[in-house]
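Q: Residue 383 in the UniProt record's numbering sits at position 383 of the sequence shown; the count goes up by one each step and never skips.
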Amino acid sequence: MENLLNGTVSAALGNITSLKILRLAYNPFTPGPLPPELGGLVNLEELFLSNCHLAGPIPESFGGLSQLRIFDVSGNKLVGPIPPQIFQLKTIVQMELYENLFNGTLPAHGWSNLTKLRRFDASSNNLTGNIPNELCELPLESLNLFDNQLEGLIPESIAKSPNLNELKLYQNQITGSLPRELGKNSRLQIVDVSYNNLSGEIPEFICRNRALEQFLLIDNAFSGNIPADLGKCETLRRVRIGGNKLYGEIPAEFWGLPHVYLLELYGNSFSGNISNLIYSAKNLSTLRISNNELSGNIPNEVGLLENLIEFSAHDNRLSGEIPSTIVNLAQLGKLDLNNNDLSGGIPMGIQSMKQLNELNLANNRLSGYISDEIGNLPDLNYLDLSINNFSGSIPLSLQNLRLNKLNLSSNSLTGDIPPFFANGVYKDSFLENPGLCIDAVFCSPKTENGSGIFSWVMWSTFVIVGFAFLGGVVWFLFKYKNLKKTEKGGVAIITKWTSFHKLNFDELKINDCLKESDVIGRGASGEVYKVVLENGETVAVKKLHERPNMDEFDVEVNTLGKIRHKNIVRLWCCCSSGNCKLLVYEYMCNGSLGDLLHGNNNNNKGKLLDWETRFRVALDAAEGLSYLHHDSVPPIVHRDVKSNNILLDQDFRAKISDFGVAKVVRAARNGVESMSVIAGSCGYIAPEYAYTLRVNEKSDTYSFGVVLFELVTGKRAIDQELGEKDLTTWVRTTLDQKGIKYVIDPNIDSRFEQHVSKVINVGLLCTSTLPINRPSMRRLVHMLQELGLYDQES
């Protein structure tokens, strides 16, 4: 693992018959077959050959590896059926065959020889046929066969294993039902059988042993009720059972599961009310219960879910008023209550929902005036209030919004539409409002003779023409100015601004504010400026290095601009103008974690960060990365996680910055992509990058582990004090040779030593040499949450 090997896997290795462990994973070998000679390593116990560009079948000679315990050939291009010779590996404990090109059926017989097999993963291949009953009769801990073309039934015998904690069979063509006793005999933690053709009821014992964390049944044909016992499964974190035929009332306790952060029940036939016990779901961030038959009021207790980011309940039978407490959901980004039977008005105080990006209250019985507070929602870009009974005029404040969609049709609105919306873009936004003056020329006269309407039309025409003339003059002057500044070779370079939020400043003036004296940071991808605008607002502007592919730049930045998360720095807008690309972010007044830990010139080291603050920063950063990896669509790999890219606001809450910019920005130098741009920064780069030149979510996990070590030690990732070692190597060496007290920053209160030691263990896991051993960022968030923070008396 520590060497950069190329060529082919040497057949001569087969002569080292005393060899017990062979780890060649993540080396850039020339594509070729597995040497049959390796089958002569009769004493070999562990064989790691993942991601080595291997091709061809598994040699028959591998059946001679009589002492083999771990066999990992994942991430290659191995082909053919899984050979029967594997059944000679009677000592095998773990077999990793995933992400290859294996085809054919899994052998029906021979599995009974593998009595010690505990973990079998053949996911992401081209396997067909049935799941062998003999395989499922083994005392397995983990069975992963997802993303194949398997069919038939899930053998009942899999439920009898006393060790089973993970069952992932999603994305196949499996039929029948889940084994009736699944969960009864083991501490089952993960079940994912999504995207199959399964039916029947949810097994009543699925969480009998109170260990189930992830339960996913998406897009099958399951029917029946949610078992009452599942409502008491307090270990659950992810529940995704949408797109089935489930029905009946949802158990009251199920609404209030304390650790669930994702609850998807959409696309079923559930009835009954939303229980007021939902207040106990303190960690709930996503609630999707659309397309059911839920009725009754939305309980006031929903307003207590302070971590809720999305609430989608459209196409139900919910009635009553929208609870006034809903305005307390400060993190809510999406509220979709479309097509219910809600009445009353829009709750007062809605302007406090600063993160709200999508508001859909269409097709209800809502009435009263449209609140002008909606115009004060800085992130709102989707507003649909159509098919209700709203009356009165359209608030002028709505002109403040940057809306991609506006629909106020089919109400009882009156008066004029605001001037900003009087253009073709919004022509269908106000239909079927009989009292609304959409076009001044066709409005009813306001006097008995025609002079009133004539003078009104003439006045309006004069104003419109005047504004158009002034706008044309301003446009010409602006374009002329830019032409002089950017004209090159006789071709004018067009400036394009794209905004992702409601802006309180003129983005067109930002370029003129960039001064060398205001540079607050430099990196491989560009410079960062602190810019104080005319209105007093401060923003951070990143000026990117030249990038040739403008279309790719636009697509990627648009994706980044749609991200809404409390632990990710907001991208206000971006500019593309020839070789000039600007990204305008919110300004974080307390700077970067790196500066606060280490100082710009090695001064005031750790001065502001006690252990409580450091740990909170770690958790905040983990939540931001978890969102990028697991909840963003599409998922985003950061590629440059480091302490300088973790910024702190006025309350020292952390936000990830430069997310995805390493993906967005590539330094073009003779056609070669800069390593620092693509893969991150020195000291934070995962070791496998040297062999694969590829980055993924596990690369971010490694870099995050280095940040944890910075928080714990107070040292830089590359520090003169460490000599030639990077921080990860230094931590591991010092722990082995001296002990934990020599690793912990002396500025950290000794009361927290026990807690700090647990965080070090998390960092060690993140920086595991093998990517497969690193946890996902979602799992890391849970690990840090479980650690909590407490005072430890010395």
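Heads up, the beta-carbon is just placed ideally off N, CA and C, and yes, glycines get one too.
1) Should residue 795 go down as buried or exposed, given a rule of 16 or more other Cβ atoms within 10 Å for buried?
2) Whole beta strand (DSSP E) runs in the segment 344 to 377 with 3 or more residues, listed along the chain?
3) Is the segment 213 to 231 in contact with the segment 744 to 756, if contact means three or more CB pairs nearer than 8 Å?
4) Closest to residue 712 by C-alpha separation, out of 55, 700 and 742, would be which residue?
5) Going by C-alpha to C-alpha distance, which of 714, 537, 698 and 623 sits closest to residue 595?
6) State the beta-bridge partners of residue 783 as determined by DSSP.
7) How would you call residue 202, buried or exposed, if buried means at least 16 neighbouring beta carbons within 10 angstroms?
8) For residue 190, I'd like the list of residues in its chain whose CB is within less than 6 Å of its CB, leaving aside the five on either flank, ordered along the chain.
9) Spatial neighbours of residue 727 within its chain, please: C-beta separation below 8 Å, excluding the five flanking residues on both sides.
10) Name the one or two DSSP bridge partners that residue 119 has.
11) Please confirm whether residue 611 and residue 752 have their CB atoms less than 8 Å apart.
12) Could you give the distance in angstroms between the alpha-carbon of residue 358 and the alpha-carbon of residue 537?
13) Hey, how far is the Cα of residue 50 from the Cα of residue 765?
14) Starting from residue 33, follow its DSSP beta bridges and name the residues at the other end.
15) Can you tell me where the beta strand (DSSP E) holding residue 264 begins and where it ends?
16) Starting from residue 249, trace the beta strand (DSSP E) in both directions and tell me its first and last residue.
17) Of all the options 171, 325, 118 and 424, which has the alpha carbon lying nearest to the alpha carbon of residue 164?
18) Could you name the residues that DSSP lists as bridge partners for residue 149?
19) So which of 320, 653 and 377 has the shortest CA-CA distance to residue 367?
20) Counting only runs that start and end within the segment 684 to 719, where is the alpha helix (DSSP H) found for 4 or more residues in a row?
21) Whole angstroms are fine: how far does the CA of residue 729 sit from the CA of residue 480?
22) Just to check my reading of the structure: residue 301 and residue 316 have Cβ atoms closer than 8 Å, yes? What is that Cβ distance to the nearest angstrom?
23) Would you tell me roughly how many angstroms separate the C-alpha atoms of residue 783 and residue 647, rounded to the nearest one?
24) In the structure shown, what three-state DSSP assignment does residue 766 receive?
25) Can you confirm whether residue 262, when its beta carbon is compared against all beta carbons of chain D, has any partner nearer than 8 Å?
26) Identify which residue in 181, 178, 186 and 169 has its Cα closest to the Cα of residue 194.
27) Give me the Cβ distance between residue 314 and residue 338, rounded to the nearest whole Å; I'm assuming they're in contact under 8 Å.
28) Provide the residue span of the beta strand (DSSP E) that contains residue 221, from first to last.
29) Using CA atoms only, rank isn't needed, just tell me which of 701, 533, 583 and 643 is closest to residue 637.
30) Below 8 Å CB to CB, which residues in the same chain sit around residue 129 once its five sequence neighbours on both sides are set aside?
31) Could you say which of 256, 273 and 197 lies nearest to residue 818 if we only look at CA atoms?
32) Does the segment 55 to 69 come into contact with the segment 26 to 41, if we say contact requires no fewer than three beta-carbon pairs (one atom in each stretch) closer than 8 Å?
33) Classify residue 109: buried if its beta carbon has 16 or more other beta carbons within 10 angstroms, exposed otherwise.
34) For residue 540 and residue 567, I'd like the C-alpha separation in whole angstroms.
35) In three-state DSSP terms, what is residue 564?
36) Could you check whether the segment 375 to 383 touches the segment 412 to 419, counting it as contact only if at least three pairs of C-beta atoms, one from each stretch, sit closer than 8 Å?
A: Once the coordinates are examined:
1) Because the chain in this structure spans residues 1 to 794, residue 795 falls outside the shown range and cannot be described.
2) 358 to 360 and 365 to 369
3) no
4) 742
5) Measuring from the Cα of residue 595, the nearest candidate turns out to be 714.
6) The partner list for residue 783 (beta bridge, DSSP) is empty, contrary to what the question assumes.
7) buried
8) In chain order, 166 and 214 place their CB closer than 6 Å to the CB of residue 190, counting only its own chain and leaving out the 5 sequence neighbours on each side.
9) So the qualifying residues of the chain are 683, 706, 709, 710, 713, 715, 716, 717, 718 and 719.
10) 94 and 142
11) yes
12) 25 Å
13) 19 Å
14) Bridge partners of residue 33 according to DSSP: 55.
15) 262 to 264
16) 245 to 249
17) For residue 164, the closest C-alpha among the options 171, 325, 118 and 424 is that of 118.
18) Answer is 128.
19) 320
20) 689 to 692 and 697 to 713
21) In this prediction, residue 480 scores a pLDDT of 41, lower than 50, which makes its location untrustworthy; the coordinate-derived value is nonetheless stated afterwards. Answer to the nearest angstrom: the Cα atoms are 57 Å apart.
22) Residue 301 to residue 316, Cβ: 18 Å. No contact.
23) About 22 Å.
24) If DSSP states are grouped into helix, strand and coil, residue 766 belongs with the helices.
25) The structure shown has no chain D; it contains just one protein chain.
26) 169
27) 4 Å
28) 221 to 224
29) The shortest C-alpha to C-alpha distance from residue 637 to any of 701, 533, 583 and 643 is the one to 701.
30) 104, 105, 106, 150, 151 and 152
31) This structure does not reach residue 818, given that the chain is present from 1 up to 794, and the question cannot be answered.
32) yes
33) exposed
34) 17 Å
35) Three-state result, residue 564: coil.
36) no
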